[in-house]
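*Asks:* Residue numbers (our numbering), protein chains in the order written: chain A, 97 to 620; chain B, 27 to 389.
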Amino acid sequence: MKLENKEFGFDSFASEMAKLKNEKHFDYLVTVVGEDFGVEEGLGCIYILENTNTHERCSVKQLAKKVGEESVIPSVYQLWNDADLLEREVYDFYGIKFLGHPDMRRLYLRNDFKGYPLRKDYDMDPKKNMYTTEDDVEVDTTTEWNLNNEGELVQTQHALFTDDNFVVNIGPQHPSTHGVLRLQTVLDGETVTKIYPHLGYIHRGIEKLCEQFTYPQTLALTDRMNYLSAMMHRHALVGVIEEGMGIELSERILYIRTIMDELQRIDNHLLYTSCCAQDLGALTAFLYGMRDREHVLNVMEETTGGRLIQNYYRIGGLQADIDPNFVSNVKELCKYLRPMVQEYLDVFGDNVITHQRFCNVGVMDEKDCISYGVTGPAGRASGWKNDVRKNHPYAMYDKVDFEQITLTHGDSMDRYYCHIQEIYQSLNIIEQLIDNIPEGEFYIKQKPIIKVPEGQWYFSVEGASGEFGAYLDSRGDKTAYRLKFRPMGLTLVGAMDKMLRGQKIADLVTTGAALDFVIPDIDR
Amino acid sequence: MFDFSIVTKWFDELLRVTCGLSNFWAVLIECVVVGLAILLAYALLAIVLIFMERKVCAYFQCRIGPVRVGWWGTLQVLADVLKMLIKEIFAVDKADKLLYYLAPFLVIIASVGTFSFLPWNKGAHILDFNVGIFLVTAISSIGVVGVFIAGWGSNNKYSVLSAMRGAVQMISYELSLGVCLISAVILTQTMQISGIVEAQTGPWQWLIVQGHIPAILAFLVFCIAGNAEANRGPFDLAEAESELTAGYHTEYSGMGFGFYYLAEYLNLFVVAGIATTVFLGGWAPLNIGLDGFDAIMNYIPGLVWFLGKTFAVVFLLMWIKWTFPRLRIDQILKLEWKYLMPLSLVILVLMTVCVAFGWTIHY
Chain A
97 MKLENKEFGF
107 DSFASEMAKL
117 KNEKHFDYLV
127 TVVGEDFGVE
137 EGLGCIYILE
147 NTNTHERCSV
157 KQLAKKVGEE
167 SVIPSVYQLW
177 NDADLLEREV
187 YDFYGIKFLG
197 HPDMRRLYLR
207 NDFKGYPLRK
217 DYDMDPKKNM
227 YTTEDDVEVD
237 TTTEWNLNNE
247 GELVQTQHAL
257 FTDDNFVVNI
267 GPQHPSTHGV
277 LRLQTVLDGE
287 TVTKIYPHLG
297 YIHRGIEKLC
307 EQFTYPQTLA
317 LTDRMNYLSA
327 MMHRHALVGV
337 IEEGMGIELS
347 ERILYIRTIM
357 DELQRIDNHL
367 LYTSCCAQDL
377 GALTAFLYGM
387 RDREHVLNVM
397 EETTGGRLIQ
407 NYYRIGGLQA
417 DIDPNFVSNV
427 KELCKYLRPM
437 VQEYLDVFGD
447 NVITHQRFCN
457 VGVMDEKDCI
467 SYGVTGPAGR
477 ASGWKNDVRK
487 NHPYAMYDKV
497 DFEQITLTHG
507 DSMDRYYCHI
517 QEIYQSLNII
527 EQLIDNIPEG
537 EFYIKQKPII
547 KVPEGQWYFS
557 VEGASGEFGA
567 YLDSRGDKTA
577 YRLKFRPMGL
587 TLVGAMDKML
597 RGQKIADLVT
607 TGAALDFVIP
617 DIDR
Chain B
27 MFDFSIVTKW
37 FDELLRVTCG
47 LSNFWAVLIE
57 CVVVGLAILL
67 AYALLAIVLI
77 FMERKVCAYF
87 QCRIGPVRVG
97 WWGTLQVLAD
107 VLKMLIKEIF
117 AVDKADKLLY
127 YLAPFLVIIA
137 SVGTFSFLPW
147 NKGAHILDFN
157 VGIFLVTAIS
167 SIGVVGVFIA
177 GWGSNNKYSV
187 LSAMRGAVQM
197 ISYELSLGVC
207 LISAVILTQT
217 MQISGIVEAQ
227 TGPWQWLIVQ
237 GHIPAILAFL
247 VFCIAGNAEA
257 NRGPFDLAEA
267 ESELTAGYHT
277 EYSGMGFGFY
287 YLAEYLNLFV
297 VAGIATTVFL
307 GGWAPLNIGL
317 DGFDAIMNYI
327 PGLVWFLGKT
337 FAVVFLLMWI
347 KWTFPRLRID
357 QILKLEWKYL
367 MPLSLVILVL
377 MTVCVAFGWT
387 IHY
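#1: Between A/Gly285 and A/Tyr204, is the Cβ-Cβ spacing less than 8 Å?
#2: Hey, would you say the C-beta of A/Val263 is under 7 Å away from at least one heavy atom of the ligand MN?
#3: At a Cβ cut of 9 Å, what residues of the stretch 69 to 82 of chain B count as close to chain A, listed as they run along the chain?
#4: Is it buried or exposed for A/Lys580, if we count other Cβ within 10 angstroms and need 16 for buried?
#5: Output needed for B/Ala241: all residues of its chain with C-beta closer than 6 Å, excluding positions within five of it in sequence on either side, in chain order.
#6: Whose CA, out of A/Asp208, A/Phe422, A/Arg320, lies closest to the CA of A/Thr229?
#7: Look at the Cβ atom of A/Glu347, then the Cβ atom of A/Gly536, and state whether they are nearer than 8 Å.
#8: Would you grab the beta carbon distance between B/Gln87 and A/Leu367 for me? Rounded to a whole angstrom, and I think it's under 8 Å.
#9: Using three-state DSSP, classify A/Gly413 as helix, strand or coil.
#10: Report all residues from its chain with a CB closer than 8 Å to the CB of A/Asn625; omit the five preceding and five following residues, and keep chain order.
#11: Does any CB atom of chain B fall closer than 8 Å to the CB of A/Asn456?
#12: Is the shortest distance between the beta-carbon of B/Cys88 and the beta-carbons of chain A less than 8 Å?
#13: Closest to B/Ala150 by C-alpha separation, out of B/Val60, B/Leu361, B/Cys249, would be which residue?
#14: Taking Cβ positions only, does B/Leu343 come closer than 8 Å to chain A?
#15: What's the C-alpha gap between A/Asn225 and A/Thr289?
#16: Return no unless some Cβ of chain A is closer than 8 Å to the Cβ of B/Gln357.
#17: Taking CB distances under 8 Å as the criterion, tell me whether A/Arg387 reaches chain B.
#18: List, in order along the chain, the chain A residues whose C-beta lies closer than 7 Å to that of B/Glu269?
#19: Flag this pair as touching only if the stretch 303 to 317 of chain B and the stretch 253 to 266 of chain B have three or more C-beta atom pairs under 8 Å; answer yes or no.
#20: What is the DSSP secondary structure of A/Ile291, reduced to helix, strand or coil?
#21: Report the option in A/Arg410, A/Cys430, A/Gly401, A/Thr354 whose CA atom is closest to the CA atom of A/Asp388.
#22: In the DSSP output, which residue or residues are listed as bridge partners for A/Glu240?
#23: Between A/Ser171, A/Leu99, A/Leu139, A/Val129, which lies nearest to A/Glu112 when the distance is taken from Cα to Cα?
#24: Can you check DSSP and say which residues form a bridge with A/Val470?
#25: Short of 6 Å in beta carbon distance, which residues of its chain neighbour A/Tyr124, apart from the five on each side in sequence? Order them along the chain.
#26: Taking only runs that begin and end inside the stretch 295 to 383 of chain B, name each unbroken alpha helix (DSSP H) of 4 or more residues, in chain order.
#27: Please report the straight-line C-alpha distance between B/Leu54 and B/Lys35, rounded to a whole angstrom.
#28: When you compare the stretch 130 to 148 of chain B with the stretch 171 to 186 of chain B, are there three or more beta-carbon pairs, one atom per stretch, that lie closer than 8 Å?
#29: Which two residues bound the contiguous beta strand (DSSP E) that contains A/Thr258?
#30: For the pair the stretch 470 to 490 of chain A and the stretch 433 to 444 of chain A, tell me if three or more CB-CB distances fall below 8 Å.
#31: To the nearest angstrom, how far is it from the Cα of A/Val614 to the Cα of A/Leu277?
#32: Within 8 Å (strictly less), CB to CB, does A/Asn245 reach chain B?
#33: Use the C-beta contact count for A/Asn482: other C-beta atoms within 10 angstroms, 16 or more gives buried, fewer gives exposed.
#34: Below 7 Å CB to CB, which residues in the same chain sit around A/Asp419 once its five sequence neighbours on both sides are set aside?
#35: Identify which residue in B/Arg89, B/Gly237, B/Leu361 has its Cα closest to the Cα of B/Ala382.
#36: With three or more beta-carbon pairs closer than 8 Å as the criterion, would you say the stretch 174 to 184 of chain B touches the stretch 97 to 111 of chain B?
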């Protein structure tokens, strides 16, 4: 989608955004992109919004206002709940202070980090931020910024904890956070009263790196963001670049990309169902899933050469043509997998203990899911039709016949069932396409140096656990001026506090498992 | 059937008459020998059980388990024991050192203590008091204290949570465990373990047959409660490796951890052993009232009967562990206080009525 930004001006911004949400029904805040627009315009944000009824998208550009040395923008925290973490991310990288946001702490970087790394005038001198062996500074208070009547910036401190709080760190090293996620959990006995997520333990500054790499170089980074949706992540990146360059792809490329995306989705969902079992202590069911995932990986490996890091898509097509045995292998796989999925249900999903553990745990209704930006199967479990493949079709998804799975309860059980049923849908898609892969080019030859014309684009795909988007601002160069990814997991983690308040600590593990997030994808 | 008391009597006479030792020395030597035998059996059984668990769970999970060390992986556990023995034991900063070092011993004492009550063969009971069953439940309760102070003394928040869970769970399930045992006592009219087994010899005299419906129910409740008492899945809440890393023994290394590991497997064996003793006839062979068949069955030593039945129950418990997901703490307590506890009381009443009216099965 080429962005045509609305601009409201600083004073009317808050009221216009409220109008967009309340009157025009743009109730899903897809992402907030912080950007340094250059010397003249300064810092600012681009808000991408979606109307969940018509699936129409629009974008709003808001430049920050200078108050002394500081740049400020009114917060939209009150309108969209997922703005909480998204605005903190912008604050972390650009130092834009959001007025009225109650929790302006850094999100990814350490509290003792100096400067704001994604600003264009950021000094990259390593001496400015030396590698430290000290522990990070733990802050117990958070700051809210506001403008007073004289137009000066004033701060209010909020305490994070009270004296009698029992605080347990779930993570960063913990078997059930599936990576280095740290959830600072306030407990009352076994009951969760508040969760503060701490992110960035595997932050690699991928967006900053992308501003220095040429376009083909950036591709390698997406696979490393989420090895369980490596194909989809790269699909979003090549998608946004191809859209910017206006490349027409051959049918063969689209077919293969669709099949590969779905194979990857099956791979992810198999691991998901396994990990759900493992987090509930059913190790046997875990290994059943791992056993079948091997078959999926084998099929992909024959063509791509990779099992976790696939490196298969590139700008203008694919890295290589499909393996001669690919078609027959995929067909065999589909035949093999269908009965196996039922086996997971027999051994784990339909077990009475699983129901006890999953039902009414981590519940979130449709309205909250939209507000918190809980996309993917987790949101569809509460009835929100958010499948990017249906709403904003790409590749072959508008030509294949598949069902968007939506359930009603919005609890962990429905999230689990949603994943299970999506495996069947993915198999359906693959079976429709696999016999008809047309002849043609697998790669449309590009110039040796790839340049994208000036403009801003946003392209999103349906990742394994939610919408994964890539925002590209090009100034006509061979590198991106700004490349921003919308991770799938960030909004999911942001919603955990709301989902889990008042539930047991064991439910935290269950909900985390049922939400399906991958930490490198959140941290980038 | 071979009576092991022949051996013990011979040994006693050897010391007293042949060697002419005084009563004090004879008893001392006998105690040392028996103690060594218990510890040796304890260690060997632990190795067997750990190996069995690995193989059983491997085959449940479409794996083959350890195969590298020794034939079919048989020496793997020995290698692990060796590793555990030479590992450094270190304490956490600010841990309550006394409680921290004391806890593993309490757990192992409870485990060895209950282990000593098992009737291995006719005439081969080690501890055989007239309040045997009662004493078994009393000694097994010491384990709760061990679990609790381990978590409390470790200076670790996960461990504290786990200690709370462990204590709550084990104290709760002890109730229905005890009540099930009492229903067996009603049937046999004795608390002495040798007496309970003796009452089950003869055709169709195992308590599970003798006491029919209430006894079968009591056996099932006993298995569930015993599984919870041994802290094994689906009741391994205190350990809950996906929630609380390793729970109360997170901060232990070397043999400190080794003791918990040993105790976990032996508690499994003890629970299975007591279930066997009380409901499945202990060392009593399967007799069906046909003389020829019974004679052959009686020819098989009691030790084989006892171990065979016990390992069958152990396998059943492993099967359960490797199939079910873990419950949540409130669900576990609900299961005990709302279902198992009333059920075991009903069983107790049923059993009393059956015994009072003579509605038990006697061949």
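Think of the CB as a built atom: it goes at the ideal place given N, C-alpha and C, for glycine as much as any other residue.
Because the structure is a prediction, the values reported are computed rather than measured.
*Replies:* A quick look at the data gives this:
#1: no
#2: Here there are no bound small molecules, and the ligand MN is not part of this structure.
#3: none
#4: buried
#5: Leu233, Ile234
#6: A/Asp208
#7: Yes, these two residues count as a Cβ contact at 8 Å.
#8: Contact flag wrong, Cβ pair sits at about 16 Å.
#9: strand
#10: With chain A covering only 97 through 620, there is no way to say anything about residue 625 of chain A.
#11: no
#12: yes
#13: Nearest option by C-alpha distance: B/Val60.
#14: At a cut-off of 8 Å between beta-carbon atoms, B/Leu343 makes no contact with chain A.
#15: 36 Å
#16: yes
#17: yes
#18: Ser272, Ile601, Ala602, Val605
#19: no
#20: strand
#21: A/Cys430
#22: Paired residue(s): A/Thr252.
#23: A/Ser171
#24: In DSSP, A/Val470 forms no bridge with anything.
#25: Correct list, in chain order: Glu146, Thr148, Ile466.
#26: 317 to 325, 328 to 347, 355 to 360, 367 to 382
#27: 15 Å
#28: Touching, yes.
#29: DSSP places A/Thr258 outside any beta strand (DSSP E), giving it a letter other than H or E.
#30: These segments do not touch.
#31: 9 Å
#32: no
#33: buried
#34: Glu398, Thr399
#35: B/Gly237
#36: no
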